[in-house]
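Worksheet: one structure, shown below.
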DNA sequence: CTTGTATTGGAATGATCATTCTAATACAAG
DNA sequence: CTTGTATTAGAATGATCATTCCAATACAAG
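Residue numbers (our numbering), protein chains in the order written: chain A, 261 to 466; chain B, 261 to 466.
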């Protein structure tokens, strides 16, 4: 039987993810990864094949370990508008508690750094955005008793995805948590206004 | 008298900017810059000092040559809500005509790639965001006859800045211009809704 | 044409990059 | 304890990085 690794594969990926998340792909060297994970170069190559493959594993881990728990409230069966509010505010609260400037969203960072020139990365990021938009659309639809595939609902959800992404990106460049709170609150307020308009329209159609 | 350079300094910076804009800082090598500008290595170093200084010059040029013309309509004396609409829709139209995936906003790209770990870059990007937010705030304020320093106006302008940034970033990862149009239209609609609420509130206070 | 100067491409430098390889090592199984 | 195997740190490799340097060059001024 082989000697067991000092770190589980999950912990290894977790540590590598933290490094990539904070610094990005290009600015992270294999030396950084060896230091961050505490795992030997050889083991990384035999386990993952190379830097890019490890990065893709980290993106996948980010989706499971960071996005899923945070987005759980929105993806819940009975999620409505309040769930979206909770998701956004919890996100800002987490950023504020960890300290600014923040690391942003690893998917958004990857979109900006790599998606335009790497089709494989672009696909992963797009899948993530589709997931967010679907989740938002379901919650928004439930709130106003519409179909989650209603065009207006989907477009509102799409804008919410993009605006939230802008907010997480902005968090990489500020040290002022209050600015983030204000923007999150304003975004929520705007979504609520539109939601009310949609509700009104549905009532008139009765 | 010296031999004149084959390219003016402005053209040199313009070409370098294009490269940095598309690829980012880390992924652009001096070799890329020599090829993109058609200027010798030596001249770049004697003129700018190094890669980072050239990048900062490109950021400055981006502000003058890309942001200023596009944002002119919003910064005009008599700009109102329609100016914001024009800025956003013209931006999407330009992206659609140049072709997707787009290069996004060089300031936003720099925010994501470098701001969290380079104070000098962060300052340049922050100045840019302040400029956008100020411009939006003035136009929004004029539309509803409020002060551009009114807290609600400033917060709405701040959200608009962040949401627009999210939209330009999203353009780096999609090949579908229609998605951008929908998001831009929805953003404009939400801003208009909030603006109407602000107008109503001002009327009640009379 | 000659002189002076800035630019040029390419060579040189030394650092760092991702990746491969290897000898020493540490542990599980027998 | 012995054997087998996976991991390890570090050396080695070759590419590429930013930067420096320089001889050849190209052009303006006289």
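We put the beta carbon where it would ideally sit given N, CA and C, even for glycine.
Item                                                                                                                                                                                           : Value
Within 8 Å (strictly less), CB to CB, does residue 366 of chain A reach chain B?                                                                                                               : no
Answer yes if the segment 315-332 of chain A comes into contact with the segment 404-416 of chain A, meaning at least three C-beta pairs across the two stretches below 8 Å, and no otherwise. : no
Can you list, in chain order, the residues of its chain with a C-beta nearer than 7 Å to that of residue 365 of chain B? Leave out the 5 residues immediately preceding and following it.      : 425, 428
Going along the chain, which residues of the segment 424-438 of chain B sit with their C-beta nearer than 7 Å to a C-beta in chain A?                                                          : 425, 426, 427, 429, 430, 432, 433
Judging by CA-CA distance, which residue of B:312, B:286, B:287 is the nearest neighbour of residue 273 of chain B?                                                                            : B:312
Taking the Cβ atom as the reference point for each residue, do residue 352 of chain A and residue 281 of chain A lie within a distance shorter than 8 Å?                                       : no
Does any residue of chain A have a CB that is nearer than 8 Å to the CB of residue 378 of chain B?                                                                                             : no
Below 8 Å between beta carbons: does that hold for residue 373 of chain A and residue 460 of chain B?                                                                                          : no
Which chain A residues are close to residue 284 of chain B, counting only those with a beta carbon under 7 Å from its beta carbon?                                                             : 373
Check each residue of the segment 377-403 of chain B: if its Cβ is closer than 8 Å to any Cβ of chain A, include it; give the result in chain order.                                           : 377, 382, 385, 386, 389
On the CB-based measure, 16 or more other CB atoms within 10 Å of its CB, does residue 261 of chain B come out buried or exposed?                                                              : Confidence at residue 261 of chain B is low in this model, with a pLDDT of 47, below 50, so the placement of that residue is unreliable and no value is reported for it.
Can you grab the Cα-Cα spacing for the pair residue 322 of chain A / residue 277 of chain A, in whole Å?                                                                                       : 7 Å
Determine, using beta carbons only, whether residue 418 of chain A comes closer than 8 Å to chain B.                                                                                           : yes
Counting contacts by CB-CB distance shorter than 8 Å, is residue 290 of chain A in contact with chain B?                                                                                       : no
Along the chain, which unbroken stretches of the alpha helix (DSSP H) at least 4 residues long are found entirely within the segment 337-422 of chain B?                                       : 341-358, 366-373, 379-404
Using beta-carbon positions only, say whether residue 445 of chain A and residue 363 of chain A come within less than 8 Å of one another.                                                      : no
Does residue 426 of chain B come out as helix, strand or coil in the three-state DSSP assignment?                                                                                              : helix
Exposed or buried, residue 464 of chain A, counting other C-beta atoms within 10 Å across all chains shown (16 or more means buried)?                                                          : exposed
Could you tell me if residue 395 of chain A is buried or exposed, where buried requires 16 or more neighbouring beta carbons within 10 angstroms of its beta carbon?                           : buried
For residue 449 of chain A, decide whether its Cβ has a neighbour in chain B, counting only Cβ atoms nearer than 8 Å.                                                                          : yes
Output the distance between the C-alpha atoms of residue 308 of chain A and residue 416 of chain B, rounded to the nearest integer angstrom.                                                   : 46 Å
Is it right to say residue 369 of chain B is buried, meaning 16 or more other beta carbons lie within 10 angstroms of its own, or is it exposed?                                               : buried
Where residue 458 of chain B and residue 421 of chain B are concerned, what is the direct C-alpha to C-alpha distance, given to the nearest angstrom?                                          : 19 Å
Helix, strand or coil for residue 286 of chain A, going by three-state DSSP, please let me know.                                                                                               : coil
Leaving aside the five residues before and after residue 399 of chain B along the sequence, list all residues of the same chain whose C-beta is less than 6 Å from its C-beta, in chain order. : 334, 339, 340, 343, 344
Give the DSSP-derived three-state secondary structure of residue 334 of chain A in the structure shown.                                                                                        : helix
Residues of chain A with a CB under 9 Å from the CB of residue 408 of chain B: which are they?                                                                                                 : Ordered by position in chain A, no residue passes the 9 Å Cβ test against residue 408 of chain B, which lies about 16 Å from the chain.
Can you find a heavy atom of the ligand COA that lies under 7 Å from the Cβ of residue 298 of chain B?                                                                                         : Questions concerning the ligand COA fall outside what the structure shown contains, since it holds no ligand whatsoever.
Going by the beta-carbon positions, is the gap between residue 413 of chain A and residue 397 of chain A smaller than 8 Å?                                                                     : yes
Work out the CA separation of residue 295 of chain A and residue 419 of chain A for me, nearest whole Å.                                                                                       : 39 Å
If you follow the alpha helix (DSSP H) that residue 434 of chain A is in, where does it begin and where does it stop?                                                                          : Looking at the DSSP string, residue 434 of chain A is not in any alpha helix (DSSP H), and its letter there is neither H nor E.
Return the residue from the list B:430, B:401, B:379 that minimises the CA-CA distance to residue 218 of chain A.                                                                              : The structure shown does not extend to residue 218 of chain A, since chain A spans only 261 to 466, so no value can be given for it.
For residue 423 of chain A, which residues of its own chain have a beta-carbon under 6 Å away from its beta-carbon, when the five flanking residues on both sides are left out?                : 447
Note down, in chain order, all residues in the segment 335-365 of chain A with a beta-carbon under 8 Å from any beta-carbon belonging to chain B.                                              : 361, 362, 363, 364
Is the distance from the Cβ of residue 455 of chain A to the Cβ of residue 403 of chain A below 8 Å?                                                                                           : yes
By a C-beta neighbour count over all protein chains shown, 10 Å radius and 16 as the cutoff for buried, is residue 284 of chain A buried or exposed?                                           : buried
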